[in-house]
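Chains A and B supply the protein sequences, listed in that same order. For reference, each letter of the first sequence is one residue, going 1 to 196 in this note's numbering. For reference, each letter of the second sequence is one residue, going 197 to 392 in this note's numbering. Have a look at the structure below, then the notes.
Number of protein chains: 2
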Amino acid sequence: MSFNDLFSYTIVLNSRSPRRKQLLEQMGFMVRTVKTQTSETYPADLTMEAIPVFLAKKKGQAYKEELLEKEILLCSDTMVFLHNKVLGKPKDKQEAKTMLQSLSNNKHSVISGCYIRKGEKERLFYEKTEVYFKPLSTSTIDYYIDKYTPLDKAGAYGIQEWIGMVGVEKIEGSFYNVMGLPTIALFDNLLELISL
Amino acid sequence: MSFNDLFSYTIVLNSRSPRRKQLLEQMGFMVRTVKTQTSETYPADLTMEAIPVFLAKKKGQAYKEELLEKEILLCSDTMVFLHNKVLGKPKDKQEAKTMLQSLSNNKHSVISGCYIRKGEKERLFYEKTEVYFKPLSTSTIDYYIDKYTPLDKAGAYGIQEWIGMVGVEKIEGSFYNVMGLPTIALFDNLLELISL
């Protein structure tokens, strides 16, 4: 199997995240971004892993434009869970502080769910990474909140920012998944999708 | 403790690696790079963890220029070990292929050793990360060797490149350490160094 075939496709990325676009390009893909409006609601009885998959599929179904022959639609949702409870984007600096205090000296899970579609064929998958923060001092949390942008991030932190570099002791799993794209699962699923 | 004090220092980085410089800047430091010539030899009886620490210290001792009051010298060495054996930089594409085949479907260790100095005070430390490659097909290895630059990299791969995104299933430990800088251990040690 030659990868040149796969790389002849353009990924139609249904996300405004510049980081996801950058990661896809780093993987070797051409990328076109689009954006649909969907509500981020989901059934209450879903398991942790099923929630981001459900939301990714919802975004995928909301995208009604026709895809060209050499295009693959990608919708992705990344969520942070602490003790099975969702940590969304903090609404203000005080909530960001509370979230980071809850992550301090603790393990949490980052789960990305993905939906990909080519023509009539589609696939759903997810990837989970465990992230361990060391004990974060109040000054570390305050410094991060003051100097960086926790408010637009689920769980109030970006692993690629300062606090990820000085506060994340260990991860178990894929790093890129924590950044917002499960690159290894995505690559395997894209290969399968074009071979179907 | 305010971080503004720490960030008033300039890191004098004894390394030509543009990636290390970029990571230090991402951590919030001002950086000045210098370069000394040292041989990469070490005593045969050192443990795996002690080798990069020894080499980092050697680089540190080879740097004889005086440091300014607000400067901290940093020397770092990152090594790849498979079953306790060092994997250096491959000398040609054939050796790169052999190395990647040996990493395929296997766990290996990436260890960074660091030496930091401020005035007469110095510290040595290391950080280890376990990296797990999934089974890599011949076409994956050939594609990577053909399109990317494995020859200037210990172990013949860069985790921030394509093969890291599609081939590394899991890491245990610090991601930035695999990129070449143990950011979390470095940050803690820098804080201790300026408090000494």
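Backbone N, C-alpha and C fix where the C-beta goes; we use that ideal spot for every residue, glycine too. All values derive from a computational prediction rather than experimental measurement.
When the beta-carbon positions are compared, B:I307 and B:P248 come within less than 7 Å of each other. Chain B places a beta carbon closer than 7 Å to that of A:E172, counting this residue as a contact. Here the segment 346-354 of chain B makes no contact with the segment 148-163 of chain A; the two share fewer than three CB pairs at distances below 8 Å. The contact set of A:M27 on chain B, defined by CB atoms closer than 8 Å, consists of W358, M361, V362 in chain order. For the segment 58-113 of chain A, the full-length alpha helix (DSSP H) segments reaching 4 residues or more read 93-103 along the chain. Identification of residues in the segment 130-148 of chain A having a C-beta nearer than 9 Å to some C-beta of chain B yields K134, S137, S139, T140, Y143, K147, given in sequence order.
Three or more Cβ pairs drawn from the segment 64-83 of chain A and the segment 95-112 of chain A lie within less than 8 Å of each other, which places the two stretches in contact. Residue-level contact check: B:I380 touches chain A, since one or more beta carbons of chain A fall below 7 Å from its beta carbon. What B:Y372 touches in chain A, judged by beta-carbon distance under 7 Å, is M165, going in chain order. Identification of chain B residues near A:S2 by a Cβ-Cβ cut-off of 9 Å yields S335, Y339, ordered along the chain.
Looking at the DSSP output, A:Y115 shares a beta bridge with A:C75, A:L124. For A:T33 and B:L392, the gap between their C-alpha atoms comes out near 51 Å. Straight across, the Cα-Cα distance linking A:A56 with A:E49 is about 12 Å. A residue is called buried when at least 16 other Cβ atoms come within 10 angstroms of its Cβ; B:A292 meets this threshold and is buried. Annotated three-state conformation of A:K21 is helix, per DSSP.
A distance below 6 Å between beta-carbons, with the five flanking residues on each side excluded, links A:K93 to the following residues of its chain, in chain order: I145. Under a 10 Å Cβ-count criterion, B:N373 is classified as buried, with 16 or more other Cβ atoms of the shown protein chains found around its own Cβ.
Of the residues assessed, B:L264 falls on the exposed side of the cut-off, its CB having fewer than 16 other CB atoms within 10 angstroms. The Cβ atoms of B:E365 and B:K314 lie no closer than 7 Å to each other. Taking 7 Å as the upper bound on Cβ-Cβ separation, chain A lies near no residue of the segment 265-280 of chain B. Contact check for B:K260 against B:C271 fails: the beta carbons are separated by 7 Å or more. For B:M226, the enclosing beta strand (DSSP E) starts and ends at 226-230. Note on geometry: alpha-carbon atoms of A:I163 and A:T149 lie some 11 Å from one another. The residues T325, I355, in chain order, have a CB closer than 8 Å to that of B:F371 in the same chain once the five nearest residues on each side in sequence are set aside. In this structure A:L190 touches A:L6 by the C-beta definition: roughly 6 Å separates them, less than 8 Å. Counting C-beta atoms within 10 angstroms of its own C-beta, B:E323 has 16 or more neighbours from the protein chains shown and is therefore classed as buried. With respect to A:G173, A:R20 sits apart: the two C-beta atoms are not nearer than 7 Å.
Judged by DSSP secondary structure, A:I171 falls within the beta strand (DSSP E) whose first and last residues are 168-173. Using a Cβ-Cβ cut-off of 8 Å, B:F321 is close to nothing in chain A; its nearest Cβ partner there is about 14 Å away.
Annotated as proximal: A:T10 and A:M30, with beta-carbon spacing under 7 Å.
Proximity of A:F7 to chain B, defined by a Cβ-Cβ separation below 7 Å, is not satisfied. A direct Cα-to-Cα measurement between A:L87 and A:S109 gives close to 10 Å.
Against chain B, the beta carbon of A:E169 has neighbours under 8 Å at S370, I380, listed in chain order. Close partners of A:F187 in chain B (Cβ separation under 8 Å): M361, V362. A:I11 sits in a strand when the DSSP states are folded into three classes.
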